[in-house]
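Numbering (our numbering), first residue to last: 200 to 552. Take a look at the structure below.
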């Protein structure tokens, strides 16, 4: 056995560099960047913004800083200021513009925040804010202004949430959300799972996470063991908006989840300049199918402050989905929906056929 204690080793004629392998925790920690650091990695200069379809960048975003993990950045096209992956994380000056109808809480989640860390909007499902942390700050995020300071995860807070779940037998599914729930440690997720599994009327655990896409290293043996021990049905809903996000490392993560009986679905947000064409959505659905994931929802943009430049009109969305429906088998067509404040279900938007 050869033990390597250096990032390089010497053969007879060649020095072989041994790549440093970072843990998912380190990759997560390193995901906060300045604009200059992000652009440098992509060989983009500020002069390139003259060709940006979105206008000038926000050089120093204070309230919602840039976060993007290295594996996701590595899938961006270098030198392309309009790359669809880059545009999802690039802060812009126009985010500070006030747009009528766009608010900090577009879904009125505060009305359903019945106890700290828990949102109960839909009758049979309850959503837990497992953490405020994310690996990536998507500029269209509907929770970018969420009052996480009032929903700080702690064992004491979870005691209230668990008590609420115990007292509501109509709830048969718990959804882990955030932030991104998989940004939490395995120890925290294991503790939560054990306590929720002890509630007899909770049959399904659903996890909404972007990490299997942007940081697939997160799907580690410890997490898989925790999920495998869940006694009921388990669902992971990933979030991918463009086929370029889905490389072989993502497929490997999905394969691991499916191998332990996890149902894996995808939800997408329809975003101007990123995936607002039938071709982009068809390619996404086909790529999802290649890696073993079924399309679930295609969301119209939530009207959160700072995201108006991503909006697509209803008529354009219907026309795009009409073409998607004509080009794909039914099982690969996501449902076009809008989530509306105070409604007890998502609102289907029928395509123009």
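Note that beta-carbon positions come from the ideal geometry of N, C-alpha and C, so glycine has one too.
Distance from the Cα of residue 387 is smallest, within the candidate group 362, 357, 404, for 357. For residue 306, the secondary structure class from DSSP, reduced to helix, strand or coil, is coil.
Here the alpha carbon of residue 452 sits roughly 11 Å from the alpha carbon of residue 445. With respect to the 8 Å criterion, residue 410 and residue 382 are classified as neighbours on the basis of their beta carbons.
In the three-state reduction of the DSSP assignment, residue 254 falls in the coil class. DSSP places residue 377 in the uninterrupted beta strand (DSSP E) bounded by 372-377.
Remark: three or more beta-carbon pairs, one from each stretch, lie closer than 8 Å, so the region 470-479 and the region 278-293 are flagged as touching.
Judged by DSSP secondary structure, residue 483 falls within the alpha helix (DSSP H) whose first and last residues are 477-489. Cβ atoms of residue 516 and residue 548 come within 8 Å of each other, at about 6 Å. The straight-line gap separating the alpha-carbon atoms of residue 307 and residue 545 is approximately 14 Å.
Straight through space, the alpha carbons of residue 407 and residue 509 are spaced by roughly 22 Å. Between residue 329 and residue 376, the CB-CB gap stays under 8 Å. Rounded to the nearest whole angstrom, the CA to CA distance from residue 520 to residue 528 is 13 Å. Residue ranges of uninterrupted beta strand (DSSP E) with 3 or more members, entirely inside the region 258-341 and ordered along the chain, are 324-330. Comparing C-alpha distances from residue 397 to each of 439, 543, 361, 537 shows the shortest one belongs to 361.
The DSSP-derived three-state label of residue 245 is helix.
Under the 10 Å beta carbon count, residue 530 is surrounded by fewer than 16 other beta carbons and is classified as exposed. Cβ-Cβ separation between residue 492 and residue 464: approximately 7 Å, consistent with a contact (criterion under 8 Å). Classified as buried, residue 320 has 16 or more neighbouring CB atoms from the shown chains inside 10 Å of its CB. A direct Cα-Cα distance of roughly 12 Å separates residue 279 from residue 249. Bounds of the beta strand (DSSP E) holding residue 406 are 403-408. Between the region 323-338 and the region 265-273 there are three or more inter-stretch CB-CB distances shorter than 8 Å, so the stretches are counted as touching. By the beta-carbon neighbour count (other beta carbons within 10 angstroms, threshold 16), residue 236 is exposed.
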